[in-house]
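Residue numbers (the numbering used here), protein chains in the order written: chain W, 972 to 1329; chain V, 8 to 300.
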């Protein structure tokens, strides 16, 4: 691309250029060329070409107009990535020569200059300091679809923004367009929604709007709201939308005038409506919550009651598999739970011999 | 003006491979360069039907449902979730298997969307079923001495579900290539369980009209037909059942030629993709047979 940016500058100069500390115009007495580092007036085309050839301001202008994707959100994302709003061109090019890194969900994104051109690098945040030779290298953004499919344990990830992205891979050398495509394959639509939010036009669809839109087998979820509060939706959000479960920042509420009471999270990109997983789970809860409570009587020791609480916590926090085999001090330890089952369940698997339906 | 293709598929919260045919066909089409952008979207996965259009740069979008039948998903869910303004199923003027296209505006992005009928009811789907039979038998001339069963889910809630199966079975039967052609169903008569009752031919190719392999095509149907007692132990192709050799093909949607049907839908809606259609047919073994209609 050597020289392309100079040709482009000469071609565009008659229309005037005013971008990122670069001003170029063609006046009757010649070209003017101004940057914080240089000012030339009344110069001919040959001189313009000479001063432009060595100017990072010109390469910067060319990148943002001829190399970077022009779709508003993609362009804004790439600008954000290198802190273009906070750093002038000179400072930015200094920083880019060493490389600038940021985080997007569990993605570690890095941009650096190679021979004066921006090249992009993506890997898992947990691999930020891993030797590149130890990571599987990819160059096709669409490979991200496959990488995003399973977690490190081989479990299917139905939710792309779950904080369970697998590790061990890298996209070491991407163009600007491929960087955005890669991010979008890992975390679809997050760039578009982030940009909409920044522009003040994120189209949030709250719980009420979303469930009342449902039809077919999901139409039943609408009946869960009975006009007597939104506590159940708090529980849904706490169960599904917490940062420990999803990296999107929940912006949807119960309805336009009723905020939920649980935190929406700290994610960089917003969640604009209950997703299909939330709706599918809510369908199950709608059915379960249609049941009336009843009183069961069990005899438990205080420690057994606390053990049940520990088991629920361990499963809910995804920590059951992390409890060491011989750590019998943990209530959710497998031996402890097997002992509890041996003691309290009868031969039909019924808890404490108390029938569910009596 | 740049044209984009968006494929709308069901996807799954549970089955990691549900999306695979969608990705494969999108990749085949992407490689032709016929569209500035090709995007997959899903009811159960991401990008979602709700948000995929905002990730597309082009102002003009061809939207093709990777679904088998016309009905609930193509007439209600997809238009609603994509926010296709002023959609009315009557715009397709379909009898249940003859959907065409409708040009609409997307409410949230303003893009022009050419909303196409599903792949499953396009005429070229008949070719894919035949191609699937060729693939599973390894015989490019398969037909003589063979019966063909086209298997659908079937459901009493949507009569179009069975119509699509019968439509293609009728079309393939009329070609006279196979000795016998029958449509069979999982949930209604005639049932796939009794497959051998419906054929006299010693060899029967069974092609399920499903988009992706999953619970139904990999577990239910093989067990229902008696290919195996337990799907986990697998089965041979062919497997002999009641004196018939059953060549079970798995989901037709995994056949590479499906990419052609997606392109045909876009072409019918005005997309300039004739070169891509030729290329894809060439690559996926779908060059038109002389006996084709």
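We put the beta carbon where it would ideally sit given N, CA and C, even for glycine. Here the structure is a predicted model, which is why all the values come from computation and not from measurement.
Asked	Found
Per-residue contacts from residue 1251 (chain W) into chain V (C-beta, under 9 Å)	20 and 51
Rounded Cβ spacing between residue 283 (chain V) and residue 264 (chain V) (contact assumed at less than 8 Å)	Contact doesn't hold; Cβ gap of about 13 Å is too wide.
Any C-beta of chain V under 8 Å from that of residue 1186 (chain W)	yes
Buried versus exposed, by CB contacts within 10 Å (16 or more), residue 1202 (chain W)	exposed
DSSP-derived helix/strand/coil call for residue 1150 (chain W)	helix
Environment of residue 179 (chain V) [buried if 16+ CB atoms lie within 10 Å]	buried
Collapsed DSSP secondary structure at residue 56 (chain V) in the structure displayed	coil
Straight-line Cα distance separating residue 35 (chain V) from residue 247 (chain V)	35 Å
Residue range of the beta strand (DSSP E) that includes residue 988 (chain W)	988–990
Limits of the unbroken alpha helix (DSSP H) element including residue 1048 (chain W)	1043–1052
Alpha-carbon spacing of residue 255 (chain V) relative to residue 122 (chain V), whole angstroms	33 Å
Residue 1008 (chain W) classed as buried or exposed, judged by whether at least 16 other C-beta atoms fall within 10 angstroms	exposed
Contact check, residue 1132 (chain W) vs residue 1217 (chain W), beta carbons under 8 Å	yes
One or two residues paired with residue 283 (chain V) in a DSSP bridge	According to DSSP, which records beta bridges pairwise, residue 283 (chain V) is partnered with nothing at all.
Proximal chain V residues relative to residue 1312 (chain W), where beta-carbon distance stays under 7 Å	Result: empty, since nearest Cβ-Cβ is about 27 Å, beyond 7 Å.
Status (buried if at least 16 other CB within 10 Å, exposed otherwise) for residue 172 (chain V)	buried
Residue 272 (chain V) at chain W interface by Cβ criterion, 8 Å	no
Positions along the region 1231–1255 of chain W whose CB lies within less than 9 Å of some CB in chain V	1243, 1244, 1246, 1247, 1248 and 1251
Supposed contact pair residue 257 (chain V) and residue 220 (chain V) - C-beta distance, whole angstroms, cut 8 Å	5 Å
Best match in W:1232, W:996, W:1027 and W:1078 for proximity to residue 1141 (chain W) [C-alpha to C-alpha]	W:1078
Validate contact between the region 60–78 of chain V and the region 1153–1164 of chain W using beta carbons, cut 8 Å, 3 pairs	yes
Beta-carbon proximity list for residue 238 (chain V), same chain, < 7 Å, skipping 5 on both sides	225, 226, 229 and 230
Limits of the unbroken beta strand (DSSP E) element including residue 231 (chain V)	Careful: residue 231 (chain V) lies outside any beta strand (DSSP E), inside the alpha helix (DSSP H) at 228–232.
Check whether residue 1220 (chain W) and residue 1242 (chain W) have beta carbons under 8 Å apart	yes
Given residue 1159 (chain W) as reference, the closest of W:1138, W:1129, W:1180 and W:1186 once Cα atoms are compared	W:1129
Boundaries of the alpha helix (DSSP H) in which residue 1211 (chain W) is found, first to last residue	1202–1211
Against chain W: residues of the region 54–76 of chain V by CB proximity under 8 Å	54, 55, 57, 58, 59, 61, 62 and 64
Alpha-carbon to alpha-carbon, residue 43 (chain V) and residue 148 (chain V)	37 Å
Residue 153 (chain V) - partner residues in DSSP beta bridges	V:210
Same chain, Cβ closer than 8 Å to residue 26 (chain V), five either side skipped, listed in chain order	16, 18, 19, 47, 49, 52 and 219
Pick from W:1121, W:1151, W:1105 and W:1186 that is closest to residue 1112 (chain W), judged by C-alpha positions	W:1151
Cross-chain neighbours of residue 141 (chain V) in chain W, by beta carbon under 9 Å	None at all; the shortest Cβ gap to chain W is about 28 Å.
Contact the region 135–155 of chain V vs the region 198–212 of chain V: 3+ CB pairs below 8 Å	yes
Residue burial classification, residue 1316 (chain W) (beta-carbon count within 10 angstroms, cutoff 16)	exposed
Cα-Cα separation, residue 1120 (chain W) to residue 31 (chain V)	15 Å
Candidates W:1074, W:1051 and W:1082: closest to residue 1065 (chain W) by CA position	W:1082
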